[in-house]
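Q: Here you go, one structure.
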Amino acid sequence: MRMALHPGRASRRLDLLAASFFALAFAPAAGAQGANDYGSVYSRFAVGERADFGSPNAAAMGGAGAVSLGGPLNFAVENPALIADLALTGFMAGADARTIGAEDAAGATARSSAGGLTALALVLPLVPERVGISVSLTPYSRVNYRVIQEDSVAIPGQGNEAFRLNFEGGGGLYRLRTGLGVRPAPRLRVGASADLLFGHIDYLQRTEFPNSGTLQEVQIGRATNLSGITATLGAAYRAPAGAGRHLSLGATLTLPAHLSGSRVRTLGSSLDQDTLAAPADGDVTLPLSVRAGAGFTGTRWSFAAEGLYEPWSEFESDFEWGGYSPSGGATGLNDRLRVGAGMQVFPGGGDRMAGFIGRTAFRLGAYTESALAGPGGEDIRATALTGGLSLPTLFPGARFDIGVEAGVRGSTDGGLVRDQFFRGTVTLTFGERWFIRRRIG
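Residues 7 to 447 (the working numbering) are what the sequence shown spells out, left to right.
Structure (structure tokens):
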């Protein structure tokens, strides 16, 4: 007789871990609110600064391995083909905290911080290491900046009155992805996903009169809601390269996304906002995204390199954005190109009886990126070093991943701003075998 066993205790354990980490994932976003809750000024371009998080492995390895490094315990959701490798029902949740120090050509500096969600994902192997599905929620873009300009204006009968212009932006887009991965042949994996993009982006111009007792603050706002569907196709090839070693190749293609949206303009003071006109409807077209990479995995060592390309010069919209106007096109946007590489080492290899250090993964990587922001035709380049640890826990199948990233973006030439940024990520992954059929009698 065959009996299907339900998750039972495993399900309760997963629920407990998931509930506790949901609180952790959203805590940085809540704690970072305040006067310094801002990020890079370059996030004002298009729909914001792109957010990439393929897996905790890739985050600490220069972004490499997100589309090529699979395996039964690697919860990578960037390439739907890699879902076919999963042997465990798993849950992943992550959060980050970011600090940015900005400097302009005049030597003026500012420091800000923010944080939030990096990933929530649930993966389920329908046929272990052959067919799997996943549902994930990750940020697609972030808008999070503030620029201050101070000047004075002559008021008849009162002399010069100092004022402060605050240009602010907030919000961004999220990506809800449902993916399916299949292994039709021992070395080949293919997959596809349906991706829902949605979000809310605010632009605000505030005029303050800090020394006036009669003049009130004036706010001009633009609030835009966007949503739309696209799709991602993925493939991965994994071939033996000796005893316990494998060579992996992977690639994904995300089709251009056509989003529908509406924009509302407001005018007034901080507590009294008036809508200037009826909401304006329009469409936004985001460019395609291509990722490709290669990896090598041994019993202790893994290496990966990966590249990403997004032609943001083809961005189109019925609305005006930073670096884009419907009449002039994408004059302030560049094609985005990112190249990264990294490595990972497990001192104990696959020995489950190894000590804590032996079962800890150590990761190191680096990347360079030509960002989508291109004010004045400039190439805004970012370069960063990454690293991290993957720590075993008291729960079998659960790991706690820590990642760090430090780098520089842009320069102070030509009136631009140079960012020095630091980012820390924490991610919990939990996997356990469910729905096992056992033979009884």
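A virtual CB, placed ideally from N, CA and C, is assigned to each residue, including glycine.
Here's the rule: buried if 16 or more other CB atoms are within 10 angstroms of the residue's CB, otherwise exposed. What is Ile106?
A: Your numbering for residue 106 matches position 100 in the sequence shown. Under a 10 Å Cβ-count criterion, Ile106 is classified as buried, with 16 or more other Cβ atoms of the shown protein chains found around its own Cβ.
Q: Taking one C-beta from the segment 59-72 and one from the segment 82-99 each time, how about it: are there three or more such pairs within less than 8 Å?
A: yes
Q: Quick check on Met67: buried or exposed, where buried means 16 or more other Cβ atoms within 10 Å of its Cβ?
A: The residue you call residue 67 lines up with position 61 of the sequence shown. With 16 or more Cβ atoms within 10 Å of its Cβ, Met67 is classed as buried.
Q: So who's on the other strand from Phe97, going by DSSP bridges?
A: The residue you call residue 97 lines up with position 91 of the sequence shown. In DSSP, Phe97 forms a bridge with Leu128 and Phe436.
Q: In whole angstroms, what separates the C-alpha of Gly165 from that of Thr230?
A: On the sequence shown, residue 165 is found 159 positions in, with the first residue counted as 1. On the sequence shown, residue 230 is found 224 positions in, with the first residue counted as 1. Taking the straight line joining both Cα atoms gives about 39 Å.
Q: At the level of alpha carbons, what is the spacing between Gly380 and Met359?
A: As a working note, residue 380 is residue 374 in the sequence shown. As a working note, residue 359 is residue 353 in the sequence shown. One C-alpha to the other measures close to 52 Å.
Q: Roughly how many angstroms lie between the CA atoms of Arg261 and Ala237, to the nearest whole one?
A: In the sequence shown, the residue the question calls residue 261 occupies position 255. In the sequence shown, the residue the question calls residue 237 occupies position 231. What sits at residue 261 in the sequence shown is Leu, not Arg. Rounded to whole angstroms, the gap between the alpha carbons of Leu261 and Ala237 is 6 Å.
Q: Identify whether Ala200 lies in helix, strand or coil by the three-state DSSP scheme.
A: Looking up residue 200 in the sequence shown gives position 194. Correct three-state label for Ala200: strand.
Q: Using three-state DSSP, classify Asn63 as helix, strand or coil.
A: Position 57 of the sequence shown, counting from 1, holds the residue named residue 63. Helix.
Q: Is DSSP giving Arg53 helix, strand or coil here?
A: Counting from 1 along the sequence shown, the entry for residue 53 is found at position 47. First, the amino acid is wrong: residue 53 is Val here, not Arg. Coil at Val53, not helix or strand.
Q: Within this structure, are the beta carbons of Ile207 and Val53 separated by less than 8 Å?
A: The residue given as residue 207 occupies position 201 in the sequence shown. The residue given as residue 53 occupies position 47 in the sequence shown. Closer than 8 Å, so yes.
Q: Can you tell me the Cα-Cα spacing of Gln155 and Gly382, whole angstroms?
A: In the sequence shown, residue 155 corresponds to position 149, counting from 1. In the sequence shown, residue 382 corresponds to position 376, counting from 1. So the two alpha carbons sit approximately 19 Å from each other.
Q: Candidates Gly299, Leu130 and Arg365: which alpha carbon is nearest Gly348's?
A: In the sequence shown, residue 348 corresponds to position 342, counting from 1. Of the listed residues, the one whose Cα sits closest to Gly348 is Gly299.
Q: State the Cα-Cα distance for the pair Glu214 and Thr272, rounded to the nearest angstrom.
A: Translated into positions along the sequence shown, residue 214 becomes position 208. Translated into positions along the sequence shown, residue 272 becomes position 266. Distance between the alpha carbons of Glu214 and Thr272 is about 17 Å.
Q: Under the DSSP definition of a beta bridge, which residues are partnered with Ala360?
A: The residue you call residue 360 lines up with position 354 of the sequence shown. Bridge partners of Ala360: none, in fact.
Q: Which residue wins for smallest C-alpha separation from Val153, given the options Pro285, Ser142 and Glu174?
A: Here residue 153 refers to the residue found at position 147 when the sequence shown is read from its first residue. Residue Glu174 is the option with its Cα nearest to Val153.
Q: Does the Cβ of Ala245 have 16 or more other Cβ atoms within 10 Å, making it buried, or fewer, making it exposed?
A: Taking the sequence shown and counting its residues from 1, one reaches residue 245 at position 239. Result: exposed.
Q: Are at least three pairs of beta-carbons, each pair with one atom in the segment 180-194 and one in the segment 219-230, less than 8 Å apart?
A: no
Q: Where do the N-terminal and C-terminal ends of the beta strand (DSSP E) with Leu182 fall, by residue?
A: By 1-based counting over the sequence shown, the position of residue 182 is 176. Looking at the DSSP string, the run of the beta strand (DSSP E) that includes Leu182 is Gly165 to Ala191.
Q: How would you call Trp307, buried or exposed, if buried means at least 16 neighbouring beta carbons within 10 angstroms?
A: For the purposes of this step, residue 307 is taken as the residue at position 301 of the sequence shown. With a 10 Å radius around the Cβ and a threshold of 16 neighbouring Cβ atoms, Trp307 comes out exposed.
Q: Can you find the residues in the same chain that come closer than 6 Å, C-beta to C-beta, to Arg189, ignoring five residues on each side of it along the sequence?
A: As a position in the sequence shown, residue 189 is number 183, starting the count at 1. So the qualifying residues of the chain are Ala90, Arg136 and Arg195.
Q: Give a yes or no on whether the minimum CB-CB distance between Asn150 and chain B is below 8 Å.
A: Among the chains in the structure shown there is no chain B, since it carries only a single protein chain.
Q: May I ask which residues mark the beginning and end of the beta strand (DSSP E) holding Ile161?
A: Here residue 161 corresponds to residue number 155 of the sequence shown, with the count starting at 1. That run of the beta strand (DSSP E) goes Val137 to Ile161.
Q: The beta strand (DSSP E) that contains Ser295, what's its start and end?
A: Mapped onto the sequence shown, residue 295 falls at position 289. From DSSP, the beta strand (DSSP E) with Ser295 extends over Ser295 to Thr303.
Q: Can you grab the Cα-Cα spacing for the pair Met98 / Gly355, in whole Å?
A: The residue you call residue 98 lines up with position 92 of the sequence shown. The residue you call residue 355 lines up with position 349 of the sequence shown. A straight line joining the alpha-carbon of Met98 with that of Gly355 spans about 23 Å.
Q: Have a look at Gly420, Arg369 and Ala367 and flag the residue whose alpha-carbon is nearest the alpha-carbon of Glu384.
A: As a position in the sequence shown, residue 384 is number 378, starting the count at 1. For the residues Gly420, Arg369 and Ala367, the minimum Cα distance to Glu384 belongs to Gly420.
Q: Give me the Cα-Cα distance between Leu186 and Arg117, rounded to the nearest whole angstrom.
A: Your numbering for residue 186 matches position 180 in the sequence shown. Your numbering for residue 117 matches position 111 in the sequence shown. Distance between the alpha carbons of Leu186 and Arg117: 42 Å.
Q: Where Thr115 and Val47 are concerned, what is the direct C-alpha to C-alpha distance, given to the nearest angstrom?
A: The residue given as residue 115 occupies position 109 in the sequence shown. The residue given as residue 47 occupies position 41 in the sequence shown. Rounded to whole angstroms, Thr115 to Val47 spans 13 Å at the Cα level.
Q: Under the rule that 16 or more other beta-carbon atoms within 10 Å means buried, what is Gly37, buried or exposed?
A: The residue you call residue 37 lines up with position 31 of the sequence shown. Confidence at Gly37 is low in this model, with a pLDDT of 32, below 50, so the placement of that residue should be treated as unreliable; the coordinate-derived value is given next. Exposed: under 16 other Cβ atoms inside 10 Å.
Q: Round the Cβ separation of Pro402 and Phe362 to the nearest angstrom and send it over; I've been treating them as touching at under 8 Å.
A: Within the sequence shown, residue 402 is the residue found at index 396, counting from 1. Within the sequence shown, residue 362 is the residue found at index 356, counting from 1. Going by Cβ atoms, the distance from Pro402 to Phe362 rounds to 14 Å, so no, they are not a contact pair.
Q: With distances taken from CA atoms, which of Thr435, Gly338, Leu314 and Val414 is nearest Gly69?
A: The residue labelled residue 69 in the question sits at position 63 within the sequence shown. Closest option to Gly69, Cα to Cα, is Leu314.
Q: Indicate whether Thr95 and Val129 have their beta-carbon atoms separated by less than 8 Å.
A: The residue you call residue 95 lines up with position 89 of the sequence shown. The residue you call residue 129 lines up with position 123 of the sequence shown. A contact, by the Cβ cut-off of 8 Å.
Q: What separation, rounded to the nearest whole angstrom, lies between the Cα atoms of Val351 and Ala390?
A: Within the sequence shown, residue 351 is the residue found at index 345, counting from 1. Within the sequence shown, residue 390 is the residue found at index 384, counting from 1. Taking the straight line joining both Cα atoms gives about 20 Å.
Q: Based on DSSP bridge pairs, tell me the residues matched to Ser254.
A: Working through the sequence shown from its first residue, we reach residue 254 at position 248. In DSSP, Ser254 forms a bridge with Arg244 and Gly301.
Q: With burial defined as no fewer than 16 other Cβ atoms inside 10 Å of the residue's Cβ, what is the status of Pro216: buried or exposed?
A: Within the sequence shown, residue 216 is the residue found at index 210, counting from 1. By the neighbour-count rule (16 or more Cβ atoms within 10 Å), Pro216 is not buried but exposed.
Q: Among Thr418, Arg344 and Gly430, which one has its Cα closest to the Cα of Asp110?
A: Translated into positions along the sequence shown, residue 110 becomes position 104. Here the closest residue by C-alpha is Thr418.
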